[in-house]
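Below: the structure, in structure tokens.
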Amino acid sequence: MADLIVALDVSTKAEVADVIARLGDAVDFYKIGLELFSAEGPDVVRLVKAAGKRVFLDLKLHDIPRTVERAVKSGAALGVDLMTIHASGGKAMIRAAADAAATFGDKAPKILAVTCLTSLDQTDLDDLGVQRAMPDQVEALGLLAITNGADGIVCSPREVANMNKVLTPAASKPVVFVTPGVRPAGADVGDQKRVATPAGAVRDGSTHLVVGRPILEAADPIAAAAAIRQEMDAALK
Ligand code: C5P
1 MADLIVALDV
11 STKAEVADVI
21 ARLGDAVDFY
31 KIGLELFSAE
41 GPDVVRLVKA
51 AGKRVFLDLK
61 LHDIPRTVER
71 AVKSGAALGV
81 DLMTIHASGG
91 KAMIRAAADA
101 AATFGDKAPK
111 ILAVTCLTSL
121 DQTDLDDLGV
131 QRAMPDQVEA
141 LGLLAITNGA
151 DGIVCSPREV
161 ANMNKVLTPA
171 ASKPVVFVTP
181 GVRPAGADVG
191 DQKRVATPAG
201 AVRDGSTHLV
211 VGRPILEAAD
221 PIAAAAAIRQ
231 EMDAALK
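Below you can see the structure in the form of structure tokens.
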């Protein structure tokens, strides 16, 4: 069973309340990113949780281990279900995030690592002094994250099959694979370049699909969410 997460790419609590009311029972998991969190703060997490929904807090933490540990504890105390960190923060930072989450026991958020931002290319890696080729760097950072306590990674649906093959044998628990860049066949791809269909993403091992515009901008958002859900479920049968 894979989860469908709707990206709350809006900037006010009023818009969030409107999306949640409009989608109702069709969606039970939402992503809050930097734009919304910077504008509305922890209150917006409380609002989504109060509606009985799960929350993916996507702040992509990257700081010294002590600061990340405290930020993860603050997020976990809000009851979020998934949180992101940058794998490039290093071993100690990844471990600090995982250990901080673990102190919440069965209420611990899952810690997901971002490997290389999809906005970067090989030239950017060169500028950063990274000598590996991009696919090798993505694998290396994924392995670093998983072997230091992270629960999973965020990756492109085009990478998920390979990352599954590389990370699952190295992990001591089932790995969470969260993939944005999902578009139902025939949908407008917008600014996404390397997209996959919901069925393709799930078949390749995505455990959580993040979808924004194909649902939020649909003429009938409930029907759009239901169609994606159905496609995901059918792909798993
Ligand atoms: O509207 P759309 O379905 O493209 O939204 C996808 C969500 O996933 C957005 O919140 C976007 O910022 C996020 N995301 C992405 N691609 C990445 C990482 C995150 O689209 N590589």
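Taking my numbering, the leading residue of the sequence shown gets 1, the next gets one more, and so forth.
Glycine included, every Cβ here is placed at the ideal spot set by N, Cα and C.
This one's a predicted model, so the numbers in the text were calculated from it and none came from an experiment.
Any chain C beta carbon closer than 8 Å to residue i
{"i": "ARG183", "result": "Here chain C cannot be found, since the structure has a single protein chain."}
Buried or exposed (CB count within 10 angstroms, at least 16 for buried), residue i
{"i": "ASP43", "result": "exposed"}
{"i": "GLY190", "result": "exposed"}
{"i": "MET1", "result": "exposed"}
{"i": "GLY41", "result": "exposed"}
{"i": "ALA39", "result": "exposed"}
{"i": "ASP127", "result": "exposed"}
{"i": "LEU141", "result": "buried"}
{"i": "ILE64", "result": "exposed"}
Nonlocal neighbours in the same chain, by C-beta distance under 8 Å from residue i, ignoring five residues either side
{"i": "LEU23", "result": "VAL6, ILE215, PRO221, ILE222 and ALA225"}
{"i": "GLN137", "result": "THR115, CYS116, LEU125 and VAL130"}
{"i": "ASP25", "result": "none"}
Secondary structure of residue i, DSSP reduced to three states
{"i": "PHE37", "result": "helix"}
{"i": "VAL195", "result": "coil"}
{"i": "ARG132", "result": "coil"}
{"i": "MET1", "result": "coil"}
{"i": "LEU8", "result": "coil"}
{"i": "VAL78", "result": "Correcting the residue type first, residue 78 is Leu in the shown sequence and not Val. Correct three-state label for LEU78: coil."}
{"i": "LYS107", "result": "helix"}
{"i": "THR123", "result": "helix"}
{"i": "LEU236", "result": "helix"}
{"i": "ALA218", "result": "coil"}
Beta-carbon proximity list for residue i, same chain, < 7 Å, skipping 5 on both sides
{"i": "ARG194", "result": "SER156, ARG158 and GLY181"}
Own chain partners of residue i with C-beta closer than 6 Å, once the 5 adjacent residues on each side are dropped
{"i": "ALA87", "result": "ALA113, THR115, LEU141, LEU144 and ALA145"}
Check your understanding: What are the uninterrupted segments assigned as beta strand (DSSP E) that are 3 or more residues long and contained completely in the stretch 139 to 193, given in chain order?
Key -> 152 to 154 and 176 to 179
Review point. What residue ranges within the stretch 12 to 75 form continuous alpha helix (DSSP H) runs of no fewer than 4 residues, ordered along the chain?
Key: 13 to 23, 34 to 40 and 42 to 50
Point to revise | Stretch pair the stretch 136 to 150 + the stretch 181 to 190: three plus CB contacts closer than 8 Å | key: Cβ pair count under 8 Å is below three, so no.
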